[in-house]
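Chemist:
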Amino acid sequence: MGTMERYSKVGMQELDQRLSKIVEAARKKPVSVYRYGAPWVWIVSQDDWQGALKEVSSYIPPGHSLVLLRPQIDDLLDEHRDLLHELNAEPGMVIPAQTVMHILLLQLLYSVPSEQQLFEQLNYNLLFRWFVGLGLNQKVWSFNTLGRDTATLLNNPRAVQLIQKIIGEVFCGALLQMPEFSLNFALLHTWLGKHAGASAASN
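Position 23 (the sequence shown) corresponds to 23 in full-length UniProt numbering; numbering is contiguous.
1) Quick one: what's got a C-beta closer than 6 Å to H102's C-beta in the same chain, skipping five residues either side?
2) Which class does Y110 belong to by DSSP, given the choice of helix, strand or coil?
3) Is it buried or exposed, T3, if we count other Cβ atoms within 10 angstroms and call 16 or more buried?
4) Contact between the stretch 116-126 and the stretch 92-99 is defined here as three or more beta-carbon pairs at a separation below 8 Å; is this criterion met?
5) Label S202 either buried or exposed according to how many other C-beta atoms from any shown protein chain fall within 10 Å of its C-beta, with 16 as the threshold for buried.
6) Counting Cβ pairs, one atom from each stretch, are 3 or more of them under 8 Å apart for the stretch 184-192 and the stretch 160-175?
7) Tell me, to the nearest whole angstrom, how far the beta carbon of E55 is from that of G135; I am working on the premise that it is less than 8 Å.
8) I need the boundaries of the alpha helix (DSSP H) containing R158, first residue and last residue.
9) When the distance is taken between beta carbons, is L87 closer than 8 Å to L187?
10) Measuring only the C-alpha atoms, how far is K139 from L126?
11) Rounded to a whole number of angstroms, what is the C-alpha to C-alpha distance between Q107 and R148?
12) Just the C-alpha distance for G63 and M178, rounded to the nearest angstrom, thanks.
13) For the alpha helix (DSSP H) containing I73, list its first residue and its last residue.
14) Using a Cβ-Cβ cut-off of 8 Å (strictly less than) and excluding sequence neighbours within five positions of A26, which residues of its own chain qualify?
15) For Y36, does the count of other Cβ atoms within 10 angstroms reach 16, so buried, or fall short, so exposed?
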């Protein structure tokens, strides 16, 4: 079966004009929405979405620390959904802000040394893919998109403070009992220091 037979695609203008029909069609097969000629979002049925998540999560040990701590992480992110909405509205933002938060947390928790290696891990590491919500066969965003969207979050002092809050409240107390993590405090301090310097300069 060819790729085009497994899903359909529409542009933003068509989405605006035919939203109800497109959503109805998405119950039968996923619809890829294009913006400026590039894939932007997918519309999928609840069953398809749950199936895709289960497909990856079936490979993840249920007792893994990241699995156990994820509800606390997502609760903290939900408390700051206004900030996430604000970040989603940034010009050119493609990846949902909550997903970018998850990506940056992975970079810190596993001391991934570079954006290139982070990008590679998202392509083949099933734990990373599960944590950021990627299905087994779902394509990772382009390296340029990943770099631009992570930079957007790291340029926002409130976003960086939220990352620090998650690390402080969810991980720090338990890190000694979690040998699978190797938290990169230096990288976190670099992210925080960028805004501390800007704040001092403005005073």
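C-beta atoms are modelled at their ideal positions from N, C-alpha and C, and glycine is treated no differently.
Modeler: The relevant details are as follows:
1) Counted from its first residue, the sequence shown places residue 102 at position 102. Apart from the 5 residues on each side of it in sequence, H102 sits with its Cβ closer than 6 Å to the Cβ of F131, V132 in its chain, given in chain order.
2) Residue 110 sits at position 110 when you count from the first residue of the sequence shown. In the structure shown, Y110 adopts coil according to DSSP, grouped into three states.
3) Taking the first residue of the sequence shown as position 1, residue 3 is located at position 3. Its pLDDT being 41, under 50, T3 is placed unreliably in this model, and the coordinates cannot settle the point.
4) Segments in contact, no.
5) Taking the first residue of the sequence shown as 1, we reach residue 202 at position 202. With a pLDDT of 45 at S202, under the threshold of 50, the predicted position of this residue should be treated as unreliable, and no value is reported.
6) Short answer: they touch.
7) One-based indexing of the sequence shown puts residue 55 at position 55. One-based indexing of the sequence shown puts residue 135 at position 135. The beta-carbon distance between E55 and G135, rounded to whole angstroms, is 6 Å. This is short enough to meet the 8 Å contact definition.
8) Indexing the sequence shown from 1 puts residue 158 at position 158. Per DSSP, R158 belongs to the alpha helix (DSSP H) from 157-166.
9) Start at 1 with the first residue of the sequence shown, and residue 187 comes out as number 187. Start at 1 with the first residue of the sequence shown, and residue 87 comes out as number 87. Not a contact, by the Cβ cut-off of 8 Å.
10) Locating residue 139 in the sequence shown gives position 139, where the first residue counts as 1. Locating residue 126 in the sequence shown gives position 126, where the first residue counts as 1. Going by the C-alpha atoms only, they are around 13 Å apart.
11) For the purposes of this step, residue 107 is identified with residue 107 of the sequence shown, where counting begins at 1. For the purposes of this step, residue 148 is identified with residue 148 of the sequence shown, where counting begins at 1. The alpha-carbon atoms of Q107 and R148 are separated by roughly 15 Å.
12) Position 63 of the sequence shown, counted from the start, is the residue given in the question as residue 63. Position 178 of the sequence shown, counted from the start, is the residue given in the question as residue 178. If I take the Cα positions, the gap works out to 12 Å.
13) Translated into positions along the sequence shown, residue 73 becomes position 73. For I73, the enclosing alpha helix (DSSP H) has its first and last residue at 65-79.
14) Sequence index remark: in the sequence shown, residue 26 carries index 26 (1-based). Excluding residues within five positions, the ones whose Cβ falls inside 8 Å are I43, V44, S45.
15) Within the sequence shown, residue 36 is the residue found at index 36, counting from 1. By the 10 Å Cβ count, Y36 comes out exposed.
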